[in-house]
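What follows is a short report on a single structure.
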Amino acid sequence: MNLEQLKQLKNKAQKQIALRESGKKYRVVVSMGTSGIAAGAREVMKTMLDEMEKRGIESVEVAVTGEIGMVDAEPVVRIEEAGGEKTTYAKVNPEVARKIVVEHLEKGKKVESVAVGKVKEQE
Amino acid sequence: MFEELSLHILDIAMNSLAANASKIEISVLENHQRDWLILRVRDNGRGMDAAALHRVLHHRATTKTLRKKNIGLGVALLRQTSEMCGGHFHIRSAPGQGTSVTASMRLSHIDRPALGDLNSSILAICAANPKVDVRLHYRTDKNQYHFSSHELAPKGESCP
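Going down the list, the protein sequences come from chains A and B.
Per our numbering: the first sequence = residues 1 to 123.
Per our numbering: the second sequence = residues 1 to 160.
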């Protein structure tokens, strides 16, 4: 293990701690780069915010990121759990976004049909 | 190509967030008398040097070089839209001085996209980083409207 890997590990740990300490269970990251916006990321984000408000879901932090290199799969939404697990949803539209809020954020069940990758981070 | 000008605004403001701006000022000026629509996004982010400015303006319509980090199509797209609609595009930036992007277009130009859902764009920018002070100044010949995300928030807290 070299210095660079140690740094990465530290960053990773810090992120997880931040998520845990903020008391949030999930962090939703919407890809809001040029390609994401062109594909409809704004509507996806708005739908998710609306739906979360409607259902009184407060244990979720919403954030955005720039281009993530999945241009053909936009709009992309990534959900990070406090435990470190990540789920990426591709080609999300407002309808799917609503489903993600209901199934994943409220019931804790992944929407497998639109998930593209799941990374279980090593402890 | 974006279908709405408000998507352009969102896109440019995302650049401001990426540049660690704490304040983003968006102006929309509709001058019907002189037939101008002027959009301006100004931030106090880290700014760009001359080389970076050149890159964001000229790296359009190529393929592979675009994948270089932090160089996208957004600015070039807005420039194309404004020039296509009989307007001008101007960007002013210097390291540590923030960035100001101004795009004008003919209000009556047949190719001018509609302004679109500006509310959603402002909401998305506010939600993206609640700590940033997002301001909107919207002026027409007769009316004006001002919005500041910091005014919405109770003192000592940031907006949701």
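We put the CB at the ideal spot given by N, CA and C, even for glycine.
Quantities reported herein were computed from a predicted structural model and do not represent experimental measurements.
Min CB distance residue i to chain A below 7 Å
| i | result |
| --- | --- |
| residue 78 of chain B | no |
| residue 14 of chain B | yes |
| residue 98 of chain B | no |
| residue 39 of chain B | no |
| residue 43 of chain B | no |
| residue 127 of chain B | yes |
| residue 64 of chain B | Bear in mind that a pLDDT of 45 at residue 64 of chain B, under 50, signals an unreliable position, so the number given afterwards is only what the model happens to contain. Not one chain A Cβ lies under 7 Å of residue 64 of chain B. |
| residue 133 of chain B | no |
| residue 114 of chain B | no |
| residue 86 of chain B | no |
| residue 136 of chain B | no |
| residue 22 of chain B | no |
| residue 93 of chain B | no |
| residue 141 of chain B | no |
| residue 18 of chain B | yes |
DSSP state of residue i mapped onto helix, strand, coil
| i | result |
| --- | --- |
| residue 34 of chain A | helix |
| residue 95 of chain A | helix |
| residue 125 of chain B | helix |
| residue 61 of chain A | strand |
| residue 7 of chain A | helix |
| residue 74 of chain A | coil |
| residue 149 of chain B | helix |
| residue 50 of chain A | helix |
| residue 100 of chain A | helix |
| residue 1 of chain B | coil |
| residue 21 of chain B | coil |
| residue 28 of chain A | strand |
| residue 114 of chain A | helix |
Closer than 7 Å to chain B by CB, residue i
| i | result |
| --- | --- |
| residue 46 of chain A | yes |
| residue 34 of chain A | yes |
| residue 28 of chain A | no |
| residue 71 of chain A | no |
| residue 56 of chain A | no |
| residue 37 of chain A | yes |
| residue 60 of chain A | no |
| residue 105 of chain A | no |
| residue 23 of chain A | no |
| residue 116 of chain A | no |
Paired residues, beta bridge with residue i - DSSP
| i | result |
| --- | --- |
| residue 31 of chain B | B:36 |
| residue 41 of chain B | B:26, B:101 |
| residue 114 of chain B | B:4 |
| residue 80 of chain B | Answer by DSSP bridge pairing: none, since residue 80 of chain B is not bridged. |
Span of the beta strand (DSSP E) around residue i
| i | result |
| --- | --- |
| residue 134 of chain B | 133 to 139 |
| residue 105 of chain B | 99 to 106 |
| residue 88 of chain B | Run containing residue 88 of chain B: none; DSSP gives neither H nor E here. |
| residue 78 of chain A | 77 to 81 |
Residue i - containing alpha helix (DSSP H), residue span
| i | result |
| --- | --- |
| residue 6 of chain B | 5 to 18 |
| residue 85 of chain A | Element bounds for residue 85 of chain A: not the alpha helix (DSSP H) but the beta strand (DSSP E), 85 to 89. |
| residue 56 of chain B | 50 to 58 |
Min CB distance residue i to chain E below 7 Å
| i | result |
| --- | --- |
| residue 77 of chain A | In the displayed structure, chain E is absent; the protein chains listed are A and B. |
Cβ contact check for the region 84 to 91 of chain B and the region 19 to 31 of chain B: 3 or more pairs under 8 Å: no
Closer than 8 Å is the cut-off here; do at least three beta carbon pairs connect the region 42 to 57 of chain A with the region 11 to 24 of chain B? no
Are the region 55 to 75 of chain A and the region 23 to 36 of chain A in contact at 8 Å, needing three or more beta carbon pairs? yes
Contact between the region 48 to 56 of chain A and the region 88 to 108 of chain A is defined here as three or more beta-carbon pairs at a separation below 8 Å; is this criterion met? yes
For the region 94 to 109 of chain B and the region 108 to 118 of chain A, state whether three or more C-beta atom pairs, one from each stretch, are separated by less than 8 Å. no
Would the region 3 to 16 of chain B count as touching the region 99 to 116 of chain B if we require 3 or more Cβ pairs under 8 Å? yes
Decide yes or no for the touch test of the region 74 to 85 of chain B against the region 137 to 152 of chain B: beta carbon pairs closer than 8 Å, at least 3 of them. no
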